[in-house]
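For the working numbering, count along the sequence shown from 1 and bump the result up by 274.
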Amino acid sequence: MKNFKLFSIVFNVGILFLIIGTSPLSAKNPKNVIFMIGDGMGISQIFAAMVVNNNSLALEKCPICGFSKTYSFDHFTTDSSAGATALACGVKTRNGMIGMNADSVKVPSILEIASRNNLSTGFVVACSVTHATPAAFIAHQVNRDMNEEIAVDIVKSKIDVFIGGGRKYFDARIDDCNLMDSLKHKNFKIATSLEQLKKVKNGKLAGLLYDDQNPPISERGSMLPDGTSIAINIMKNNKKGFFLMVEGSQIDWAGHDSNTKWVVNEVLDFDKAVAKAIDFAQKDKNTLVIITADHETGGMALLDGKFGADSIKAVFATKNHTGVPVPVFAYGPGAENFSGFMENTSFKQKLVKLLNLK
Ligand code: MG
Ligand code: ZN
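Below is the structure:
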């Protein structure tokens, strides 16, 4: 009996070490962070896509789940600029403002702090690179509509890789400045198609694939998951680590449009990018992946559906955003810090600490 007890202890401790050694949860700090935002992605949007995709999504690999409270400084229901400013800069601000607190004081984002600490930084989005969500990670402007000013902020920053649309804010500006020349001067390789993008393996990359906003998923193909892989492959060369933001931008637009099929297809496309991030994190073992949203869009409710079939029956309570908390998923070293109810302002400080940034 005594021997059996001893065997049992040794065996269980062994199993524990085995679990710690291979688990997506571990006590050590991450070197890289991939921060993924499904704009307008609440639990109904996620589950609708999961049902259509035969009851499965890549984000289910995350062992940690939580909730993020999304209200802004001045509204119960946030917009995407105040939502992204909270996630990126750690402050509640007024709807419409980018990278600033409610008193219009610029606040550095987690991406900018990572740049300052010599990590590689970048973002991949399915909208203009000057749109509210990416802008809050790299720009500081009182209004989200200041696309040309936001483009200048991007060019002036230390960012290494950015991929999306919005080329006209760089090469067909009202002020006649040609920011493409400025980007070339800063040693950026400029790609205006997915084919050109795929050829870039290192250095600095400006992927400006569309003149204006990106088209919906039915027309734009695999740019979001492919762009995510391309960005990871370039940025993983930095021994100090990297910070990458990826946005499923049009889940929100589909929600404003009360278009269930579009919502599902945009979440499935975003989840393909999530799969690329988690695959990398699984092999790399030093990468924390966080998946969340800035707010829910549409007040989407699911009334019926069939697993594996494109036959979700959904209704939308509004054409706008709602104030409901959004889910948070985390995978990799440090993931355990992202469970329970959180303020959307809590991510930045947690990431600064986990990445040991100054
Ligand atoms: Mg957005
Ligand atoms: Zn919206």
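Virtual Cβ for every residue (Gly too), placed ideally from N, Cα, C.
query                                                                                                                                                               : result
What three-state label does DSSP hand ALA588 in the structure shown?                                                                                                : strand
Going by DSSP, what residue range makes up the alpha helix (DSSP H) through ILE627?                                                                                 : Note that residue 627 is Lys in the sequence shown, not Ile. Taken as a continuous stretch (DSSP letters only), the alpha helix (DSSP H) holding LYS627 covers 620-628.
For VAL520, which residues from the same chain have a beta carbon less than 6 Å from its beta carbon, with the 5 sequence-adjacent residues on both sides left out? : MET310, VAL398, THR502 and ALA547
In the DSSP output, what is MET519 paired with across the bridge?                                                                                                   : PHE309 and PHE397
Along the beta strand (DSSP E) that carries GLU617, what are the first and last residues, could you check?                                                          : 614-617
Measuring CB to CB, does THR571 end up less than 8 Å from GLY597?                                                                                                   : no
CA-CA distance, MET324 and LEU331?                                                                                                                                  : 6 Å
So ASP578 is in the beta strand (DSSP E); what residue range does that whole segment cover?                                                                         : 574-578
Going by C-alpha distance, which of PRO490, ASP427 and ASN630 is nearest ASP531?                                                                                    : PRO490
Given 8 Å as the limit, is there contact between the region 493-502 and the region 467-477, that is, 3 or more CB pairs closer than that?                           : yes
May I have a chain-ordered list of the beta strand (DSSP E) segments no shorter than 3 residues that lie completely inside the region 360-433?                      : 394-402
What does the alpha-carbon distance come out to for the pair PHE341 and PHE603?                                                                                     : 9 Å
Per DSSP, what kind of secondary structure is PHE350 in: helix, strand or coil?                                                                                     : coil
Less than 8 Å between the C-beta atoms of LYS514 and LEU393, yes or no?                                                                                             : yes
Start and end of the beta strand (DSSP E) containing ILE448?                                                                                                        : That residue, ILE448, is in no beta strand (DSSP E); it is neither H nor E in DSSP.
Sorted by chain position, which residues of the same chain lie with C-beta nearer than 6 Å to LYS624's C-beta, five sequence neighbours on each side aside?         : ASN611
Would you call the CB atoms of GLN487 and GLY522 closer than 8 Å?                                                                                                   : no
Let me check understanding here. Comparing Cα to Cα, which of ALA465, ASN421, LYS430 and LYS458 lies closest to ALA446?                                             : ASN421
State the start and end residues of the unbroken alpha helix (DSSP H) segment that holds PRO499.                                                                    : 497-509
May I ask you to check if the CB of GLU469 is nearer than 7 Å to at least one heavy atom of ligand 1?                                                               : no
Could you tell me whether the region 614-632 touches the region 571-591, where touching means 3 or more Cβ pairs closer than 8 Å?                                   : no
If you measure from each CB to the nearest heavy atom of ligand 1 and keep those under 5 Å, what residues do you get, in chain order?                               : ASP313, SER354, THR407 and SER523
For PHE476, which residues in the same chain have their Cβ closer than 8 Å to its Cβ, ignoring the five residues on either side in sequence?                        : The sequence shown places Asn at residue 476, not Phe. Excluding residues within five positions, the ones whose Cβ falls inside 8 Å are ILE508 and ASN511.
Ligand 2 heavy atoms versus the CB of THR571: any closer than 7 Å?                                                                                                  : yes
Since VAL435 and LEU457 are thought to touch, with beta carbons under 8 Å apart, how far apart are those beta carbons, to the nearest angstrom?                     : Actually they are not in contact, since the Cβ atoms of VAL435 and LEU457 sit about 12 Å apart, beyond 8 Å.
Figure out for me which residue from LEU562, ASN417, PHE350 and PRO408 has the closest Cα to the Cα of SER378.                                                      : ASN417
Considering just the uninterrupted stretch of the alpha helix (DSSP H) at PHE544, what are its terminal residues?                                                   : 534-558
In this structure, how does DSSP classify GLY438 when only helix, strand and coil are distinguished?                                                                : strand
Taking the Cβ atom as the reference point for each residue, do THR404 and ILE424 lie within a distance shorter than 8 Å?                                            : yes
Output the distance between the C-alpha atoms of HIS349 and GLN415, rounded to the nearest integer angstrom.                                                        : 19 Å
Report back the beta-carbon spacing between GLY396 and LEU483 to the nearest angstrom; my notes put them in contact at under 8 Å.                                   : Their Cβ separation, rounded to whole angstroms, is 15 Å, which puts GLY396 and LEU483 out of contact at 8 Å.
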